[in-house]
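Residue numbers (the working numbering): 24 to 284.
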(Lines of atoms letter the chains of each structure in order from A and count residues from 1; the text may use other names and numbers.)
(Lines give C-alpha, C1' and ligand atoms only; values in the text may rest on other atoms or scores of the structure.)
Protein backbone atom coordinates (compact mmCIF):
# COMPACT_ATOMS: atom_id res chain seq x y z
CA UNK A 1 0.00 0.00 0.00
CA UNK A 2 2.76 2.42 0.92
CA UNK A 3 4.66 1.47 -2.22
CA UNK A 4 1.68 2.32 -4.41
CA UNK A 5 1.10 5.51 -2.43
CA UNK A 6 4.70 6.52 -3.06
CA UNK A 7 4.52 5.60 -6.75
CA UNK A 8 1.41 7.75 -7.27
CA UNK A 9 2.08 10.31 -4.55
CA UNK A 10 1.69 13.45 -6.67
CA UNK A 11 -1.61 12.45 -8.23
CA UNK A 12 -3.11 11.04 -5.03
CA UNK A 13 -2.12 13.98 -2.83
CA UNK A 14 -3.35 16.50 -5.40
CA UNK A 15 -6.72 14.79 -5.79
CA UNK A 16 -7.15 14.43 -2.02
CA UNK A 17 -5.95 17.97 -1.30
CA UNK A 18 -8.46 19.59 -3.67
CA UNK A 19 -11.31 18.29 -1.52
CA UNK A 20 -9.89 17.65 1.93
CA UNK A 21 -8.17 21.01 2.44
CA UNK A 22 -11.32 23.18 2.04
CA UNK A 23 -13.39 20.88 4.27
CA UNK A 24 -10.83 20.93 7.07
CA UNK A 25 -10.30 24.68 6.76
CA UNK A 26 -14.04 25.33 7.10
CA UNK A 27 -14.36 22.92 10.03
CA UNK A 28 -11.44 24.52 11.88
CA UNK A 29 -12.52 28.10 11.12
CA UNK A 30 -15.88 27.61 12.80
CA UNK A 31 -14.13 26.27 15.90
CA UNK A 32 -12.25 29.52 16.51
CA UNK A 33 -14.56 30.40 19.44
CA UNK A 34 -13.79 27.12 21.22
CA UNK A 35 -13.10 27.85 24.91
CA UNK A 36 -13.81 31.48 24.12
CA UNK A 37 -10.86 31.55 21.76
CA UNK A 38 -8.50 31.65 24.73
CA UNK A 39 -5.35 29.60 25.06
CA UNK A 40 -5.10 26.78 27.60
CA UNK A 41 -2.40 28.49 29.67
CA UNK A 42 -4.47 31.68 29.90
CA UNK A 43 -7.48 29.70 31.06
CA UNK A 44 -5.37 28.02 33.73
CA UNK A 45 -4.31 31.42 35.03
CA UNK A 46 -7.81 32.90 34.85
CA UNK A 47 -10.54 30.22 35.34
CA UNK A 48 -13.25 32.88 35.10
CA UNK A 49 -12.65 33.02 31.35
CA UNK A 50 -13.56 29.33 31.11
CA UNK A 51 -16.75 29.90 33.08
CA UNK A 52 -17.60 32.79 30.77
CA UNK A 53 -17.03 30.65 27.68
CA UNK A 54 -19.16 27.84 29.14
CA UNK A 55 -21.98 30.26 29.96
CA UNK A 56 -21.96 31.73 26.47
CA UNK A 57 -22.02 28.34 24.76
CA UNK A 58 -21.41 27.68 21.07
CA UNK A 59 -22.68 30.35 18.68
CA UNK A 60 -25.20 29.66 15.94
CA UNK A 61 -22.45 30.30 13.38
CA UNK A 62 -20.28 27.63 14.99
CA UNK A 63 -23.13 25.10 14.94
CA UNK A 64 -23.97 25.94 11.34
CA UNK A 65 -20.32 25.67 10.35
CA UNK A 66 -20.04 22.28 12.02
CA UNK A 67 -23.10 21.00 10.16
CA UNK A 68 -21.75 22.30 6.85
CA UNK A 69 -18.35 20.71 7.50
CA UNK A 70 -19.93 17.36 8.36
CA UNK A 71 -22.13 17.37 5.25
CA UNK A 72 -19.17 18.36 3.07
CA UNK A 73 -17.09 15.58 4.59
CA UNK A 74 -19.83 13.05 3.80
CA UNK A 75 -19.78 14.16 0.16
CA UNK A 76 -16.00 14.37 -0.10
CA UNK A 77 -15.03 11.06 1.52
CA UNK A 78 -16.53 8.71 -1.11
CA UNK A 79 -15.26 10.93 -3.94
CA UNK A 80 -11.68 10.91 -2.68
CA UNK A 81 -11.84 7.18 -1.98
CA UNK A 82 -13.17 6.52 -5.48
CA UNK A 83 -10.57 8.72 -7.18
CA UNK A 84 -7.70 7.12 -5.25
CA UNK A 85 -9.09 3.68 -6.01
CA UNK A 86 -9.20 4.51 -9.74
CA UNK A 87 -5.62 5.84 -9.73
CA UNK A 88 -4.30 2.81 -7.85
CA UNK A 89 -6.23 0.36 -10.02
CA UNK A 90 -4.70 1.92 -13.13
CA UNK A 91 -1.23 1.76 -11.58
CA UNK A 92 -1.78 -1.86 -10.53
CA UNK A 93 -2.76 -2.75 -14.09
CA UNK A 94 0.37 -1.09 -15.49
CA UNK A 95 -1.22 2.17 -16.60
CA UNK A 96 -0.85 5.76 -15.44
CA UNK A 97 -3.75 8.06 -14.65
CA UNK A 98 -3.35 11.79 -14.00
CA UNK A 99 -5.37 13.90 -11.53
CA UNK A 100 -7.71 15.34 -14.17
CA UNK A 101 -8.78 12.05 -15.76
CA UNK A 102 -9.08 10.45 -12.31
CA UNK A 103 -11.44 13.15 -11.07
CA UNK A 104 -13.48 13.11 -14.28
CA UNK A 105 -13.85 9.33 -14.10
CA UNK A 106 -14.83 9.55 -10.44
CA UNK A 107 -17.37 12.31 -11.09
CA UNK A 108 -19.16 10.02 -13.55
CA UNK A 109 -19.46 7.42 -10.75
CA UNK A 110 -20.15 9.88 -7.93
CA UNK A 111 -23.82 9.01 -7.36
CA UNK A 112 -22.98 5.31 -7.22
CA UNK A 113 -20.13 6.02 -4.78
CA UNK A 114 -22.35 8.20 -2.61
CA UNK A 115 -25.12 5.60 -2.59
CA UNK A 116 -22.72 2.80 -1.66
CA UNK A 117 -21.18 4.97 1.07
CA UNK A 118 -24.61 5.79 2.50
CA UNK A 119 -25.93 2.21 2.49
CA UNK A 120 -22.77 0.69 3.97
CA UNK A 121 -22.67 3.42 6.61
CA UNK A 122 -26.24 2.59 7.66
CA UNK A 123 -25.43 -1.11 7.93
CA UNK A 124 -22.32 -0.39 9.98
CA UNK A 125 -24.33 1.90 12.26
CA UNK A 126 -26.94 -0.83 12.77
CA UNK A 127 -24.19 -3.31 13.58
CA UNK A 128 -22.66 -0.86 16.03
CA UNK A 129 -25.95 -0.68 17.92
CA UNK A 130 -25.47 -4.31 18.92
CA UNK A 131 -21.74 -4.32 19.61
CA UNK A 132 -18.36 -3.45 18.08
CA UNK A 133 -18.13 -6.91 16.53
CA UNK A 134 -21.48 -6.29 14.88
CA UNK A 135 -19.97 -3.29 13.09
CA UNK A 136 -16.94 -5.31 11.97
CA UNK A 137 -19.07 -7.76 9.99
CA UNK A 138 -20.52 -5.23 7.50
CA UNK A 139 -17.15 -3.42 7.45
CA UNK A 140 -15.55 -6.66 6.25
CA UNK A 141 -18.21 -7.70 3.76
CA UNK A 142 -18.32 -4.26 2.10
CA UNK A 143 -14.59 -3.47 2.24
CA UNK A 144 -14.12 -3.65 -1.53
CA UNK A 145 -17.36 -1.91 -2.55
CA UNK A 146 -15.65 1.28 -3.74
CA UNK A 147 -13.15 -0.53 -6.02
CA UNK A 148 -16.05 -2.53 -7.45
CA UNK A 149 -17.87 0.72 -8.26
CA UNK A 150 -14.81 2.26 -9.92
CA UNK A 151 -13.23 -0.73 -11.69
CA UNK A 152 -16.36 -2.61 -12.79
CA UNK A 153 -18.63 0.47 -13.01
CA UNK A 154 -21.36 -1.13 -10.92
CA UNK A 155 -24.24 0.59 -9.17
CA UNK A 156 -24.24 0.86 -5.37
CA UNK A 157 -26.34 -2.25 -4.63
CA UNK A 158 -24.57 -4.33 -7.29
CA UNK A 159 -21.18 -3.22 -5.97
CA UNK A 160 -22.15 -4.14 -2.41
CA UNK A 161 -23.32 -7.57 -3.59
CA UNK A 162 -20.11 -7.95 -5.58
CA UNK A 163 -18.06 -7.10 -2.50
CA UNK A 164 -19.93 -9.69 -0.41
CA UNK A 165 -19.38 -12.31 -3.12
CA UNK A 166 -15.64 -11.66 -3.28
CA UNK A 167 -15.09 -11.45 0.48
CA UNK A 168 -17.23 -14.44 1.51
CA UNK A 169 -14.56 -17.08 0.85
CA UNK A 170 -11.87 -15.15 2.77
CA UNK A 171 -13.91 -13.36 5.41
CA UNK A 172 -11.50 -13.70 8.35
CA UNK A 173 -8.30 -12.67 6.53
CA UNK A 174 -10.12 -9.66 5.04
CA UNK A 175 -11.43 -8.70 8.49
CA UNK A 176 -7.88 -8.90 9.84
CA UNK A 177 -6.58 -6.67 7.06
CA UNK A 178 -9.40 -4.19 7.63
CA UNK A 179 -8.76 -4.00 11.38
CA UNK A 180 -4.97 -3.68 11.06
CA UNK A 181 -5.17 -1.06 8.31
CA UNK A 182 -7.77 0.89 10.30
CA UNK A 183 -5.62 0.82 13.44
CA UNK A 184 -2.55 1.84 11.46
CA UNK A 185 -4.41 4.72 9.81
CA UNK A 186 -5.70 5.85 13.21
CA UNK A 187 -2.20 5.69 14.70
CA UNK A 188 -0.69 7.67 11.82
CA UNK A 189 -3.50 10.20 12.03
CA UNK A 190 -2.97 10.73 15.75
CA UNK A 191 0.79 11.07 15.34
CA UNK A 192 0.36 13.73 12.66
CA UNK A 193 -2.51 15.65 14.27
CA UNK A 194 -1.64 15.65 17.99
CA UNK A 195 1.19 18.25 17.91
CA UNK A 196 -0.97 20.73 16.00
CA UNK A 197 -3.98 20.12 18.24
CA UNK A 198 -1.98 20.80 21.39
CA UNK A 199 -0.40 23.87 19.79
CA UNK A 200 -3.85 25.21 18.86
CA UNK A 201 -5.10 24.68 22.42
CA UNK A 202 -2.00 26.38 23.81
CA UNK A 203 -2.34 29.56 21.75
CA UNK A 204 -6.14 29.54 21.64
CA UNK A 205 -8.42 28.72 18.74
CA UNK A 206 -9.03 32.38 17.90
CA UNK A 207 -5.87 32.18 15.81
CA UNK A 208 -4.88 28.62 16.53
CA UNK A 209 -7.69 27.35 14.29
CA UNK A 210 -5.13 27.52 11.49
CA UNK A 211 -2.95 25.04 13.38
CA UNK A 212 -6.01 22.89 14.03
CA UNK A 213 -6.76 22.92 10.30
CA UNK A 214 -3.23 21.75 9.50
CA UNK A 215 -3.65 19.05 12.13
CA UNK A 216 -6.74 17.87 10.28
CA UNK A 217 -5.39 18.19 6.76
CA UNK A 218 -2.07 16.35 7.17
CA UNK A 219 -3.48 13.09 8.57
CA UNK A 220 -6.40 13.20 6.11
CA UNK A 221 -3.97 13.43 3.16
CA UNK A 222 -2.26 10.25 4.39
CA UNK A 223 -4.92 8.10 6.02
CA UNK A 224 -7.79 8.58 3.53
CA UNK A 225 -5.70 7.51 0.50
CA UNK A 226 -4.04 4.73 2.52
CA UNK A 227 -7.37 3.12 3.42
CA UNK A 228 -8.55 3.42 -0.20
CA UNK A 229 -5.33 1.82 -1.47
CA UNK A 230 -5.67 -1.10 0.96
CA UNK A 231 -9.26 -1.69 -0.18
CA UNK A 232 -8.20 -1.65 -3.84
CA UNK A 233 -5.36 -4.11 -3.27
CA UNK A 234 -7.67 -6.43 -1.33
CA UNK A 235 -10.14 -6.22 -4.23
CA UNK A 236 -7.55 -7.34 -6.78
CA UNK A 237 -6.18 -10.00 -4.41
CA UNK A 238 -9.66 -11.47 -4.00
CA UNK A 239 -10.26 -11.46 -7.75
CA UNK A 240 -6.95 -13.23 -8.31
CA UNK A 241 -7.72 -15.88 -5.67
CA UNK A 242 -11.37 -16.40 -6.60
CA UNK A 243 -11.42 -15.75 -10.33
CA UNK A 244 -7.87 -16.19 -11.62
CA UNK A 245 -7.72 -12.50 -12.51
CA UNK A 246 -3.94 -12.67 -12.95
CA UNK A 247 -4.42 -15.25 -15.71
CA UNK A 248 -7.00 -12.96 -17.35
CA UNK A 249 -4.44 -10.15 -17.33
CA UNK A 250 -1.81 -12.40 -18.93
CA UNK A 251 -4.31 -13.50 -21.58
CA UNK A 252 -5.19 -9.90 -22.33
CA UNK A 253 -1.51 -9.01 -22.71
CA UNK A 254 -1.01 -11.95 -25.10
CA UNK A 255 -4.07 -10.89 -27.07
CA UNK A 256 -2.49 -7.46 -27.51
CA UNK A 257 0.65 -9.09 -28.85
CA UNK A 258 2.85 -8.78 -25.76
CA UNK A 259 5.63 -11.38 -25.56
CA UNK A 260 4.98 -14.20 -23.09
CA UNK A 261 7.29 -14.03 -20.09
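Virtual Cβ for every residue (Gly too), placed ideally from N, Cα, C.
Contacting residues, own chain, Cβ-Cβ under 8 angstroms from residue i (five flanking each side not counted)
i: residue 204; result: 24, 249, 250, 253
i: residue 281; result: Note on residue 281: pLDDT 49, under 50, position unreliable in the model; no value is reported.
i: residue 237; result: 219
i: residue 45; result: 95
i: residue 30; result: 114
i: residue 207; result: 249
Close Cβ partners of residue i (< 7 angstroms) along its chain, the five nearest in sequence each way excluded
i: residue 157; result: 150, 151
i: residue 102; result: 42, 129, 133, 136
i: residue 192; result: 265
i: residue 209; result: none
i: residue 240; result: 43, 44, 47
Cβ shell of residue i (< 6 angstroms), same chain only, five flanking positions each side left out
i: residue 14; result: Since the first residue shown for the chain is 24 and the last is 284, residue 14 is missing from the structure and cannot be characterised.
i: residue 234; result: 219, 222, 223
i: residue 55; result: 228, 229, 232
i: residue 164; result: 187, 190
Distance between residue j and residue i (C-alpha atoms, nearest Å)
i: residue 231; j: residue 255; result: 37 angstroms
i: residue 261; j: residue 196; result: 11 angstroms
i: residue 91; j: residue 104; result: 20 angstroms
i: residue 176; j: residue 100; result: 18 angstroms
i: residue 194; j: residue 202; result: 12 angstroms
i: residue 86; j: residue 116; result: 45 angstroms
i: residue 160; j: residue 121; result: 35 angstroms
i: residue 146; j: residue 187; result: 13 angstroms
i: residue 140; j: residue 178; result: 12 angstroms
i: residue 131; j: residue 199; result: 32 angstroms
i: residue 26; j: residue 118; result: 16 angstroms
i: residue 172; j: residue 98; result: 16 angstroms
i: residue 162; j: residue 148; result: 10 angstroms
i: residue 263; j: residue 174; result: 14 angstroms
Where residue i sits in the DSSP three-state scheme
i: residue 24; result: coil
i: residue 132; result: coil
i: residue 165; result: coil
i: residue 175; result: helix
i: residue 260; result: helix
i: residue 120; result: coil
i: residue 185; result: helix
i: residue 267; result: coil
i: residue 229; result: helix
i: residue 102; result: helix
i: residue 53; result: coil
i: residue 31; result: coil
Is the region 261 to 269 touching the region 116 to 134 in the sense that three or more CB pairs, one from each, lie closer than 8 angstroms? no
Taking 8 angstroms as the cut-off, does the region 27 to 36 touch the region 101 to 111 (at least 3 CB pairs, one atom from each stretch)? yes
Evaluate contact between the region 173 to 183 and the region 204 to 218, counting only Cβ atoms and requiring at least three cross-stretch pairs below 8 angstroms. no
Mind the definition here: the region 227 to 244 touches the region 37 to 50 only if three or more C-beta pairs lie below 8 angstroms; say whether that holds. yes
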